[in-house]
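Residue numbers (this note's numbering): 524 to 883. Idealized CB from N, CA, C, for every residue including glycine.
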Amino acid sequence: MLQKFRLALRCLMILGVTFGTISESLSQEASFRWEPLTVEKLSNGLTVIVKENHSAPLVVSDIWFGVGSRNETSENNGVAHFLEHTLFKGTKNRGVGQIAKDIESFGGRTNAATSLDYTHYYILCESAYISNALEIQADVFHNSTLLGEVIDSERPVILEEIKRGEDDPHKMLWNTLMTNMYSNLPYKRTIIGPRENISTKISREEMLQFFRTWYGPNNMTIVIVGDINAKVVIEKVKSLFGDLSPSPLPDQSFGAEPELKAIRIVRKEMDVKNEYLLMAFRTVTPKQEEDLIGLDLLGAILGEGRTSRLSASLKENRGLVTQVSANHLTLIDDGLFLIKAEFDPIDETEVLEGIREEIR
């Protein structure tokens, strides 16, 4: 496995300030039933995935779109995340703030996230209210108003988020990595976007155009998991979302990313106590599925949990790090194998050597 991993690596970057991950383990006693998935594609291209899980009277409806910062340009970088902030603020049927009140009225919880390759929006609630949740989501994706005053009210919110990120070593490490790792692929740009785009460049018209382009049903997947009947829920989805019209998706082919010929080491000074390290190896794209399985397994062996090789060696046995982890990140156009660590700066040499020993 390690030999195969070495052959897959195309470059290495080491950054000295971490992008942390949280590893959760489920006890062996935890009840989990392997209920079958129900997958159906509607005539308008929308994909519905339903998994029944009757262990608790809860359900989540999570709507995914195949769009993220990857689909932006330098001129509108940040628009995907900006849109995520504003989309649920109001519709033709619900005024500003009413969506949140309606979800709270049946004890639901909602959130959303934008990534490099995707954006998703979910509502978690008691399973008895799944129809309410789906009706709200359908209202948003049919009737969101994206009012100019609402958009403008979110600008300072996102600008403050940018400021907080600049003070966060984890986010700064990640952004520094991606900026230096890529020169051609759009992953070189941040998800949140630059200040000037958020302040003035991204207009309501820009946001509406982005929505019309990327939020069609043919770029949409609804995932519903919980204490529900799959057939009943799918029929509900059809009635609420089946009339959405598909739209042609732009070609998003990018030229090949130049191969890095040597190790790049990037250091960034911040006013923090510890040193944060991120090693990134370029690997493979999702087309090489067999390699992805091996890389995911390797990530678990090297850096998942206290008994993983990196944690056992550097943290449990030698006490050199406060945290260390490893995982493989699969992107649409590339892949990255990541090793992260946090430690006292005086231990840098030993930590680097310890990591090298485990991946040789």
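List the residues that DSSP assigns as beta-bridge partners of residue i.
i: Ile862; result: Met802 and Ala849
i: Leu647; result: Val583 and Arg632
i: Ile882; result: Bridge partners of Ile882: none, in fact.
i: Ile572; result: Val562 and Val746
i: Thr466; result: Outside the modelled stretch of the chain, which goes from 524 to 883, sits residue 466, for which no answer is possible.
i: Phe764; result: BP columns for Phe764 are empty, so no partner.
i: Phe733; result: Beta-bridge pairing links Phe733 to no other residue.
On the three-state DSSP scale, how would you describe residue i?
i: Thr699; result: helix
i: Arg687; result: helix
i: Gly749; result: strand
i: Ser628; result: helix
i: Asn599; result: coil
i: Ile674; result: helix
i: Ser667; result: strand
i: Ile869; result: helix
What separation, rounded to the nearest whole angstrom, lies between the Cα atoms of residue i and residue j?
i: Ile816; j: Val874; result: 27 Å
i: Glu882; j: Glu782; result: Contrary to the premise, residue 882 reads as Ile rather than Glu in this sequence. Taking the straight line joining both Cα atoms gives about 21 Å.
i: Arg735; j: Phe664; result: 10 Å
i: Asn703; j: Asn616; result: 45 Å
i: Arg829; j: Val756; result: 40 Å
i: Thr570; j: Ile586; result: 10 Å
i: Phe777; j: Ser597; result: 14 Å
i: Asp766; j: Pro740; result: 9 Å
i: Leu565; j: Leu852; result: 30 Å
i: Leu843; j: Val795; result: 18 Å
i: Lys863; j: Asp640; result: 22 Å
i: Asn850; j: Leu861; result: 5 Å
i: Leu820; j: Asn600; result: 34 Å
Who are the Cβ neighbours of residue i in its own chain at under 8 Å, not counting the five residues just before and after it?
i: Gly688; result: Lys694, Met695, Asn698 and Ile715
i: Leu682; result: Arg718, Ile721 and Ser722
i: Ala623; result: Phe611 and Thr633
Tell me, please, whether the CB atom of residue i is closer than 8 Å to any CB atom in chain C?
i: Val582; result: The displayed structure is made up of one protein chain only, and chain C is not part of it.
Compute the minimum distance between the beta carbon of residue i and the heavy atoms of the ligand COA, and state whether it is under 7 Å.
i: Val756; result: Ligands displayed in this structure: none; no statement on the ligand COA is therefore possible.
Enumerate in chain order the residues of its own chain whose CB-to-CB distance from residue i is below 6 Å, with the five nearest sequence positions on each side excluded.
i: His608; result: Glu677
i: Tyr644; result: Ile586 and Ala635
For residue i, which residues from the same chain have a beta carbon less than 7 Å from its beta carbon, with the 5 sequence-adjacent residues on both sides left out?
i: Val673; result: Thr609, Lys612, Gly613 and Val619
In chain order, each alpha helix (DSSP H) run of at least 4 residues that lies wholly inside the region 773–846: 812–826
Can you list, in chain order, the stretches of the alpha helix (DSSP H) that have 4 or more residues and sit fully within the region 601–625? 602–609
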